[in-house]
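Peer 1:
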Amino acid sequence: MKITYLSKFKNAIVTLVILIFSCSLSLAGENEVTKIVQDSLDVSARYAKLPADDTCISCHIEEEALPEGFSENDIHMQAGLSCAGCHGGDNTIDDEDESMNEDIGFTGAPEIEDIPSLCAKCHSDIGFMREYQPRIATDQLEQYYTSTHGKKFKQGDENVATCISCHTAHSIMSAKDPRSSVYALNVPKTCNSCHGNSEHMADYNIKTDQFEKYAESVHGKALLDREDTGAPACNDCHGNHGAAPPGVASVSHVCGSCHVQNEEYFSKTKMAKEFAVDDMHACQECHGNHEIAKPTDEMVGIGEKSICMECHDEGEKGYLAADSIHIMLTRVTASYDSAEAKLKEVQIIGMDDVEMGFMLQDARQDLIHSRTLVHSFDPQQVKEKTDVALKNSQAAIQLGIKELEDYDSRRMGLGVATLFITILSIALFFKIRDIDKEENKSN
């Protein structure tokens, strides 16, 4: 019968516990003995998920030499892929020298220069990956070499990110697992581990404040504060394995992958063509990149917070268009806010709010569409939609006024009816009293 290192380790632990227990009763308190026993049980429980017949694991546990960051929840370990899958050797041989013999393929810890090809040995093999995760793409290595990381890596720069920089080495988990370094909520911090390190990034002439800016942006607050995993993180704009900074020509398309109508309207404008000629970054010129703030109506127009005024001077066509669009947006927003306030009044008093609610939904959609049409830079197109939004919000206001008037009419009717019933009741009371008096006299 084969005796593995793990079996030997377990037997040694049991023997040690018995010896310590018998000797320590006179030397230490019962609590100390209990603690020692509990510690030994914790070791067994912690690694209960690991295969007992894997000599790599049993030996490293025995020597207390597990790799830094090792997790028994590693996706490869859970799938039955052993240490030998990456490091070579034979994890079924008890003898250390034999199991880690280079003649049977043992390589030990890979050099940085070998990591991408080592991971690709499995992840680029369609047949192999089909057995475990058929949906995972098998072109990650090709994508990696198109990225800024991969290009510099090919040039001999070992300071750039490789597979283990993002996925870790011994605690790799599914991207859907909240514990994973590449889970949606964790991606910004994973990227920041390099890109936020000024010493690490010193040779690349790249700023290291992206994470701080992103965390304060409309996207960052949605992802990091509200934990909305649908919000974009670094990889949604820059890519994953093919990560690269978006070029001038691609910025609007990157943003447009989520903001479809905005890109559609912008791409048809004269400004889009001028931006392309002048090598300007489309959306980024007005909204920024990592520090994108939530858009407001004040961004359009001729006020102090207007983005338009950074390029357009007073009296220009663009200046007049911005002013006109801002006035229309301000007017329709005020009308919508009034309608919304009227709806709340109706709801508080318990009147019918169904039709009014539907009207406000339409008005809200029209308002959103009006703001999207800002990217057409055409006051006429904006006016056509704001007119519809105004019509719907004004109709909702009028309906709200009618509901409030009906409420007052009902209260008045109820008051009159209550007064009439009260008077009738009093009269009836006196009438009954008079009848009682007459009967008493006759008796």
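The numbering used here puts the first residue of the sequence shown at 1009, with every later residue one more than the last. All C-beta atoms in this analysis are idealised placements derived from N, C-alpha and C, irrespective of residue type, glycine included. A quick note: this is a predicted structure, and the numbers were derived from the prediction, not measured.
1. Can you list, in chain order, the residues of its chain with a C-beta nearer than 8 Å to that of residue 1246? Leave out the 5 residues immediately preceding and following it.
2. Between the Cα of residue 1130 and the Cα atoms of 1120, 1147, 1114, 1376, which residue gives the shortest distance?
3. Got a sec? Which residues, its chain only, sit under 8 Å from residue 1308 by beta carbon, not counting five neighbours each side?
4. Once DSSP output is grouped into helix, strand and coil, what is the label at residue 1383?
5. Can you give me the Cβ contacts of residue 1166 inside the same chain, cut-off strictly under 6 Å, excluding the 5 residues immediately before and after it?
6. Taking the C-alpha atoms as reference points, what is the distance between residue 1218 and residue 1356?
7. Tell me the rounded alpha-carbon separation between residue 1205 and residue 1281.
8. Looking only at its chain, what residues have a beta carbon closer than 7 Å to the beta carbon of residue 1230, apart from the 5 residues adjacent to it on each side?
9. Given this structure, state the Cα-to-Cα distance separating residue 1011 from residue 1190, to the nearest angstrom.
10. What number of angstroms, rounded off, separates the C-alpha of residue 1302 from the C-alpha of residue 1068?
11. Count the CB pairs spanning the region 1110–1128 and the region 1162–1181 that are closer than 8 Å, and state whether there are at least three.
12. Counting only the same chain and skipping the five closest in sequence on each side, list residues whose C-beta sits under 6 Å from that of residue 1306.
13. Using the Cα positions of residue 1074 and residue 1215, report the straight-line distance between them to the nearest angstrom.
14. Spell out a yes or no on whether the region 1380–1400 and the region 1269–1287 are touching, meaning 3 or more CB-CB pairs, one atom from each, closer than 8 Å.
15. Could you tell me the distance, in whole angstroms, from the CA atom of residue 1250 to the CA atom of residue 1145?
16. Give me, in chain order, the residues of the same chain whose beta-carbon lies closer than 7 Å to that of residue 1266; leave out the 5 immediate sequence neighbours on both sides.
17. Restricting to runs no shorter than 4 residues, where is the alpha helix (DSSP H) found entirely within the region 1057–1145?
18. Cα separation between residue 1346 and residue 1409?
19. Assign residue 1181 to buried or exposed, taking buried as 16 or more other Cβ atoms, counted over all protein chains shown, within 10 Å of its Cβ.
20. Within 10 angstroms of the Cβ of residue 1286, are there 16 or more other Cβ atoms? Answer buried if so, exposed if not.
21. For residue 1161 and residue 1209, I'd like the C-alpha separation in whole angstroms.
22. Residue 1413 by DSSP, collapsed to three states: which one?
23. Indicate the three-state DSSP secondary structure (helix, strand or coil) for residue 1158 in the structure shown.
24. Output the boundary residues of the alpha helix (DSSP H) element that contains residue 1339.
25. Tell me where the alpha helix (DSSP H) around residue 1148 begins and ends.
26. Please tell me whether residue 1363 and residue 1422 are closer than 9 Å, where the distance is taken between their beta carbons.
27. Quick one: what does DSSP say residue 1227 is sitting in, helix, strand or coil?
Peer 2: Per the coordinate set shown:
1. For residue 1246, where only same-chain residues beyond five positions count, the Cβ hits under 8 Å are 1252, 1253, 1254.
2. Residue 1147 is the option with its Cα nearest to residue 1130.
3. Excluding residues within five positions, the ones whose Cβ falls inside 8 Å are 1314, 1315, 1316, 1330, 1333, 1334, 1337, 1382.
4. DSSP places residue 1383 in helix when its eight states are reduced to three.
5. 1120.
6. When rounded, the distance between both Cα atoms is 46 Å.
7. Approximately 38 Å between the Cα atoms of the pair.
8. Answer for residue 1230: 1236, 1239, listed in chain order.
9. The predicted model places residue 1011 with a pLDDT of 45, which falls under 50 and marks its position as unreliable; any figure quoted below should be read in that light. Between residue 1011 and residue 1190, the C-alpha separation is close to 39 Å.
10. For residue 1302 and residue 1068, the gap between their C-alpha atoms comes out near 52 Å.
11. Per the Cβ contact rule, the region 1110–1128 is in contact with the region 1162–1181 (3 or more Cβ pairs under 8 Å).
12. Sequence-distant partners of residue 1306 (beyond 5 residues in either direction) whose C-beta falls short of 6 Å from its own C-beta, in its chain, are 1313.
13. Pairing residue 1074 with residue 1215, the inter-Cα distance amounts to about 36 Å.
14. The region 1380–1400 makes contact with the region 1269–1287: 3 or more CB pairs, one atom from each, lie closer than 8 Å.
15. In this model, residue 1250 and residue 1145 are separated by some 13 Å (Cα to Cα).
16. For residue 1266, where only same-chain residues beyond five positions count, the Cβ hits under 7 Å are 1240.
17. Correct list: 1063–1070, 1083–1086, 1092–1095, 1104–1107, 1123–1131, 1134–1138.
18. C-alpha of residue 1346 to C-alpha of residue 1409: approximately 11 Å in a straight line.
19. With 16 or more other Cβ atoms within 10 Å, it is buried.
20. Exposed is the call here.
21. So the two alpha carbons sit approximately 15 Å from each other.
22. Residue state, collapsed to three classes: helix.
23. If DSSP states are grouped into helix, strand and coil, residue 1158 belongs with the helices.
24. Annotation: the continuous alpha helix (DSSP H) that includes residue 1339 extends over 1325–1356.
25. From DSSP, the alpha helix (DSSP H) with residue 1148 extends over 1148–1152.
26. Contact flag unset, no.
27. In the structure shown, residue 1227 falls within a helical segment according to DSSP collapsed to helix, strand and coil.
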